[in-house]
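Student: The sequence shown begins at 0 in numbering that gives the first Met the number 0 and counts up by one. The structure under discussion is supplied below as structure tokens; questions concerning it will follow.
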Amino acid sequence: MNAMALPVTWSLLGEYFIPHRMQMLARMIDRETGRELQAKFNLSVADWRVLGLTNTFGSASAAEICNAFEIDRAEVSRAVARLIKVGLIERDKDPHHRSKKQISPTEKGKAIFERAVELRRAYFQKIMQDLSSEDVKAFDQMLRNIALRVDEFRQESDEQSTP
């Protein structure tokens, strides 16, 4: 297996540039995810997110999918259109809101999701293989702590920008 060198910016600014490394790692994982999903299931990462959320949590609106992954509405709209076209999801009127539509997986979408989940699970196990179960728990808690701090700053920023 060819070892790929880390990007030259990986070590910029030492310990205070850890968020940069987290972002780079997330992009690396997203690219690999995209390649695998495209090759095996003809799905984009955005397609996978829509399919994943609707299979895991049930029907959802496009806005709920955007919020769940903090992604652009246009990206979700394109994914929804593609997934409807290939018969992996369907969009129906929300019984509680006349103007809203709910997105849910078809039987074909559920089957593809189940196969893809197994591949994703194997991939994540492989990339996390050097961490003990205690390391994984600690890492997860650290990520959670950072995410909560980011959310705190986001809320403060939102409060300052509202008149």
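Quick reminder that beta carbons are idealized off the backbone N, C-alpha and C, glycines included.
In angstroms, rounded to a whole number, what distance separates the CA positions of A80 and I17?
Tutor: 37 angstroms
Student: Report all residues from its chain with a CB closer than 6 angstroms to the CB of A115; omit the five preceding and five following residues, and keep chain order.
Tutor: F40
Student: Within the chosen definition, does the region 72-87 reach the region 26-36 through at least 3 CB pairs nearer than 8 angstroms?
Tutor: no
Student: What do you reckon, are the CB atoms on I88 and V49 nearer than 9 angstroms?
Tutor: Yes, the pair counts as a contact, with Cβ atoms nearer than the cut-off.
Student: Taking the straight line between their C-alpha atoms, what separation do you get for D46 and R26?
Tutor: 16 angstroms
Student: Per the DSSP calculation, S173 is bridged to which residue(s)?
Tutor: The question about residue 173 has no answer, for the chain in this structure spans 0 to 162.
Student: Would you mind reading off the limits of the alpha helix (DSSP H) that contains L24?
Tutor: Counting along the chain, the alpha helix (DSSP H) containing L24 begins and ends at 17-40.
Student: State the Cα-Cα distance for the pair T8 and E14, rounded to the nearest angstrom.
Tutor: 13 angstroms
Student: Have a look at G57, S58, G51 and flag the residue whose alpha-carbon is nearest the alpha-carbon of F68.
Tutor: G51
Student: Using DSSP with H/G/I as helix, E/B as strand and the rest coil, what is A4?
Tutor: coil
Student: Taking the C-alpha atoms as reference points, what is the distance between D150 and I70?
Tutor: 16 angstroms
Student: Using only CA atoms, which one of E155, R148, S132, K109 lies nearest to V85?
Tutor: For the residues E155, R148, S132, K109, the minimum Cα distance to V85 belongs to K109.
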